[in-house]
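Per the working numbering, the sequence shown starts with residue -15, numbered consecutively. For each residue, glycine too, the CB sits at the ideal point set by N, CA and C.
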Amino acid sequence: MQIRATLTALLTVTILLPAGLAQAASSPSPKPETTTHPSTPGTQALVLTRDQQPKPNRPTLDRLAHEAKEKGISLKKALDEHAAKMIRENPSLQADLPDGPVPDPTIRVDGIPFAELIDLNRLAGVKGYSFEEAIDRYAWVPAVDAVGAKLNELFPNELSGLVYTNGGRSLRIGFKGEVPAKAIELAKTLPGEVEFISNKGFSQAELKETRDARHSILDSNPNVGDLIGRFNVETGAITFQAELKATNQLDSVDKEQIEQSMEQAAPSENPNISINVTVVDDLKSRLHDNYLRGGGYMVIDGQPHCTAGFNITSSSNVRATTTAKHCADNPYLTYENHHDYDTNRATLSRMFRSSAYDFARYEGGDLTYTRTFYYELNLPRYATAFAGWGSGTVGRPACSFGRTSSAEGLGARCGTVTDISTEYTYDGVRYQDNFEVDYPTLGGDSGGPTYWGGTAMGLVSGGDDARTQIAKVSNFPTSGGFGSNWQVWLCSTC
């Protein structure tokens, strides 16, 4: 099943003119097309232009791009041939993996994991630009993740947020007050343009705290049924959409009065943070929807149900698998592997449902847990990292796998993060702290893995015809999640 809701995008990403991979590695920041984007409060403190930043060093990819053009083949085909040749000449490059082999090479090309190159190629197809351009736009994502995580560690009460701009080629970093010198030092390690905004007047931690508190106030209103709230790290705006329990249609005057009363009941204590409440007739939210791997199929009484998420482990080495909380009303589910890995199946018993987030954990029966997940039909890969701060950056790329999208021939869905702060109440149940991506998923995809390369990002939760909400795996070890003992089971040597 999957929760669906009509959602409003808060950010328009600026798209750049195409550029070839070899040229982009040494060229200045491309001129963006003229598009609108939300006003960014604060003061532009510093811009580290692409010319000033470290140059991407991708000699192998540049050579393959040149050879592909000469041969009249795609870069993806040239890359596959290169990987196959590398492994033939040096079989030790295909590592001995702890849970058995996976079908794709486990090599890196110019430091980029092959798994991420696969995802970049799919993203390019979705977005309508070349594989080369996808590499130029998003190959720096792991480096940005690391810098973002460090900034959040050092300045948790000052950092306003990170946003990819210029279609992924640039990064904007905001601070509540002045930009710390250490933040500039860290940003100078990134191979792309970085813009700093100072004096925004709010931090991301404040936005989250304010959204959570105001969501609780609005949620307790006896007239409110379904509710969706989110914040924008660019503008400091917190917006709520509320569907009232009353079935009669309201005229515009009634709606305006109710909206004003709700905003007055939940004001912001920080004058730089605005709160807006909109009453809608219908949020259109509705429910649908011998190894054990994330992305396997969840079944009830022989009928398709949901999708398995990432496998997890505790500090005492207890293993479990995950799915969406709204898929976990039944204490027993049947897990099935994809067909090319034999239709191994097992009965899973529910261990725990999160109190705050849309995920639950199940005990895996007699199948053997692995650190792998299906990123595509019949194609597993290893989970090698999990996104902490990484899932909290607007414009970051992501992909999701789900059973229904796969069954309908759509495969994994890929796109970018459009919102990092969605939480909603549906049918009296509150699902907190999701991020949102700009691609749809289908009923039955719920619980499935959301990832980038080998990085686990979240579980499919809900969405509408254009976007999907994702429950963050970074909340697994929280008190409202599974508790501090639990984390995604990773292969640290893969």
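State the DSSP-derived secondary structure class of residue i, mapped to helix, strand or coil.
i: Ala344; result: strand
i: Ser375; result: helix
i: Ala450; result: coil
i: Arg277; result: strand
i: Lys456; result: strand
i: Leu202; result: helix
i: Glu320; result: strand
i: Ala9; result: Residue placement at Ala9 is poorly supported in this model, since its pLDDT is 35, which falls under 50; the coordinates are not used for a value here.
i: Asn418; result: strand
i: Val110; result: helix
i: Leu474; result: coil
i: Thr33; result: coil
i: Asp64; result: helix
i: Gln287; result: strand
i: Gly312; result: Per the sequence presented here, residue 312 reads as Ala, with Gly not at that position. In this structure, Ala312 counts as coil in the three-state DSSP scheme.
i: Met441; result: strand
i: Thr194; result: helix
i: Arg483; result: Any answer about residue 483 is impossible in this case: the structure gives the chain only from -15 up to 478.
i: Asn260; result: strand
i: Ser300; result: coil
i: Ala367; result: coil
i: Leu332; result: strand
i: Ser468; result: coil
i: Ser339; result: coil
What's the call for residue i, buried or exposed, on a 16-neighbour Cβ count within 10 Å?
i: Gly427; result: buried
i: Asn74; result: exposed
i: Tyr316; result: exposed
i: Lys69; result: exposed
i: Ala62; result: buried
i: Leu138; result: exposed
i: Arg198; result: buried
i: Ile57; result: exposed
i: Ser154; result: buried
i: Gly379; result: buried
i: Ala312; result: buried
i: Asn418; result: buried
i: Leu474; result: buried
i: Ala455; result: buried
i: Glu253; result: exposed
i: Ile296; result: buried
i: Gly279; result: buried
i: Ala249; result: exposed
i: Gly109; result: exposed
i: Lys55; result: exposed
i: Thr173; result: exposed
i: Pro40; result: buried
i: His323; result: exposed
CB-CB under 8 Å to residue i, same chain, minus the five flanking residues each way: which ones, in chain order?
i: Pro251; result: Ile259
i: Arg195; result: Gly213, Arg214, Phe215, Ile222, Ser405, Glu407
i: Ile71; result: Leu77, Gln78, Pro89, Ile91
i: Asp210; result: Ala(-11), Ala226, Glu227, Leu267, Ser269, Tyr408, Thr409, Tyr410, Asp411
i: Phe186; result: Ser144, Lys160, Gly220, Asn254, Asn256, Ile257
i: Asn132; result: Per the sequence shown, residue 132 should be read as Gly rather than Asn. So the qualifying residues of the chain are Leu146, Trp373, Gly374, Gly376, Thr377.
i: His66; result: Thr44, Leu48, Val93
i: Ser300; result: Asn469
i: Lys229; result: Pro206, Asn207, Val208, Gly209
If you drop the 5 nearest sequence neighbours on each side, which residues of the same chain put their C-beta closer than 6 Å to that of residue i?
i: Gly464; result: Ser339, Ala340
i: Ala29; result: Val163, Phe180, Ser182
i: Arg156; result: Val147, Thr149, Glu179
i: Lys53; result: none
i: Lys309; result: Arg337, Ser338, Asp342, Phe343, Ala344
i: Gln241; result: none
i: Leu191; result: Phe215
i: Thr439; result: Ala369, Ala371
Am I right that residue i and residue j are in contact with their C-beta atoms under 8 Å? What's the rounded C-beta distance?
i: Arg34; j: Glu177; result: 5 Å
i: Leu59; j: Phe115; result: 5 Å
i: Val472; j: Phe385; result: That pair is no contact at about 15 Å.
i: Ser375; j: Met441; result: 5 Å
i: Arg387; j: Tyr275; result: Between Tyr275 and Arg387 the Cβ distance is about 17 Å, and since that is not below 8 Å, they are no contact.
i: Gly349; j: Ala367; result: About 20 Å; that fails the 8 Å criterion.
i: Gly220; j: Asn256; result: 5 Å
i: Val421; j: Thr462; result: Contact doesn't hold; Cβ gap of about 21 Å is too wide.
i: Phe357; j: Pro433; result: 5 Å
i: Val444; j: Gly431; result: 6 Å
Counting only beta-carbon separations shorter than 8 Å, does residue i have a partner in chain B?
i: Tyr341; result: Of the protein chains in the structure, only one exists, and it is not chain B.
Report all residues from its chain with a CB closer than 7 Å to the CB of residue i; omit the five preceding and five following residues, and keep chain order.
i: Ala189; result: Pro140, Asn141
Length-filtered (3 minimum) beta strand (DSSP E) runs lying within the segment 139 to 173: 143 to 149, 154 to 159
Contiguous alpha helix (DSSP H) assignments of at least 4 residues, all confined to the segment 70 to 131: 98 to 111, 115 to 122
Continuous alpha helix (DSSP H) assignments of at least 4 residues falling wholly in the segment 383 to 410: 387 to 391
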